[in-house]
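Engineer: Have a look at this one before I ask anything.
Chains as they are written, first to last, in this note's numbering: chain V, 1 to 115; chain B, 116 to 225.
Laid out in structure tokens, this is it:
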């Protein structure tokens, strides 16, 4: 499989559940990103990992916990979420920033519903 | 304060029309500007613009960046129903900070 893949594609969870979103990129990139896309709001950058090191955390609540074990895989661990966290969560990857290649390739997203 | 502002927020045209979508951005630490098309799920890349005045073209789509006036436009000529989508503009700041605009929802009617 090529490009950026995300699993699961759809997730419904209760506020007390713990779940994880997975992203995998097959492009040989070194930077990976988590975005949140809510209805009628711009894409919001949540986390950035560059060479497995977290370089950005845009004031994301601690109920979202990212993990990047290697440059091909990125996880988003979820616990005690709120209904307002329901959104489309998109993963993206790009060449590392120092190379000047800023084009990001997106995965299909995980549609998350918190009940 | 929004770093990237797109206009209009929505647009309805008929097949064959030409449309111009606008994107203005904040200059501080600006590196480049990207355009994406989002139909259902994942945004797909259209153009990356880093230099002012150089038009990028791909078929019926073209885009240009004006670094003096801090804006970019995306033109679509002879629109087709398949062009219906949300068009996203994103400013790249520093190495990995991308800020997206709210998008322009384009609807092309037969």
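We treat Cβ as the ideally placed atom computed from N, Cα and C, and that holds for glycine.
Keeping to the same chain, check which residues put their C-beta closer than 7 Å to that of residue 120(V); ignore five residues upstream and five downstream.
Structural biologist: With chain V running from 1 to 115 in the structure shown, residue 120(V) is simply not present.
Engineer: Please report the residue range of the beta strand (DSSP E) in which residue 32(V) lies.
Structural biologist: Sequence index remark: in the first chain, residue 32(V) carries index 32 (1-based). Note, residue 32(V): beta strand (DSSP E), 31 to 37.
Engineer: Looking at the unbroken beta strand (DSSP E) that takes in residue 217(B), where does it start and where does it end?
Structural biologist: For the purposes of this step, residue 217(B) is taken as residue 102 along the second chain, with counting starting at 1. Segment: none, residue 217(B) is in no beta strand (DSSP E) and carries neither H nor E.
Engineer: Touching or not, the stretch 177 to 197 of chain B and the stretch 1 to 13 of chain V, by the rule of three or more beta carbon pairs under 8 Å?
Structural biologist: In short, these stretches do not touch, since the Cβ pair count stays below three.
Engineer: Please look up how many angstroms separate the CB atoms of residue 117(V) and residue 4(V), rounded, as I've assumed it's under 8 Å.
Structural biologist: Look at the range of chain V in this structure, 1 to 115, and you will see that residue 117(V) is not part of it.
Engineer: Would the stretch 201 to 219 of chain B count as touching the stretch 149 to 156 of chain B if we require 3 or more Cβ pairs under 8 Å?
Structural biologist: The stretch 201 to 219 of chain B, when compared against the stretch 149 to 156 of chain B, does touch it at the 8 Å Cβ threshold.
Engineer: Pull up the CB-CB distance for residue 90(V) and residue 54(V), whole angstroms please, since I reckon it's below 8 Å.
Structural biologist: In the first chain, counting from the first residue as 1, residue 90(V) sits at position 90. In the first chain, counting from the first residue as 1, residue 54(V) sits at position 54. Contact flag wrong, Cβ pair sits at about 18 Å.
Engineer: By the criterion of Cβ-Cβ separation under 7 Å, what are the contact partners of residue 147(B) in chain V?
Structural biologist: To locate residue 147(B), count along the second chain from 1; it is residue 32. The answer, in chain order, is 102.
Engineer: Is residue 135(B) buried or exposed, if buried means 16 or more other CB atoms sit within 10 Å of its CB?
Structural biologist: For the purposes of this step, residue 135(B) is identified with residue 20 of the second chain, where counting begins at 1. Residue 135(B) comes out exposed.
Engineer: Please identify, using Cβ separations under 8 Å, the residues of the stretch 80 to 93 of chain V that lie next to chain B, in order along the chain.
Structural biologist: Under the 8 Å Cβ criterion, the stretch 80 to 93 of chain V contributes 88 and 90.
Engineer: Look at the alpha carbon of residue 158(B) and the alpha carbon of residue 16(V), and state the distance between them as a whole number of angstroms.
Structural biologist: What you label residue 158(B) is simply residue 43 of the second chain in a count that begins at 1. What you label residue 16(V) is simply residue 16 of the first chain in a count that begins at 1. Taking the straight line from one Cα to the other gives about 31 Å.
Engineer: Is it true that the CB of residue 66(V) sits closer than 8 Å to the CB of residue 114(V)?
Structural biologist: The sequence position of residue 114(V) within the first chain is 114, counting from 1. The sequence position of residue 66(V) within the first chain is 66, counting from 1. Taking 8 Å as the Cβ cut-off, residue 114(V) and residue 66(V) do not qualify as a contacting pair.
Engineer: Can you name the start and end residues of the beta strand (DSSP E) that residue 4(V) belongs to?
Structural biologist: Numbered from 1 along the first chain, position 4 holds the residue referred to as residue 4(V). Per DSSP, residue 4(V) belongs to the beta strand (DSSP E) from 4 to 7.
Engineer: Does DSSP put residue 154(B) in a helix, in a strand, or in coil?
Structural biologist: Locating residue 154(B) in the second chain gives position 39, counting from the first residue. Residue 154(B): coil per DSSP, three-state reduction.
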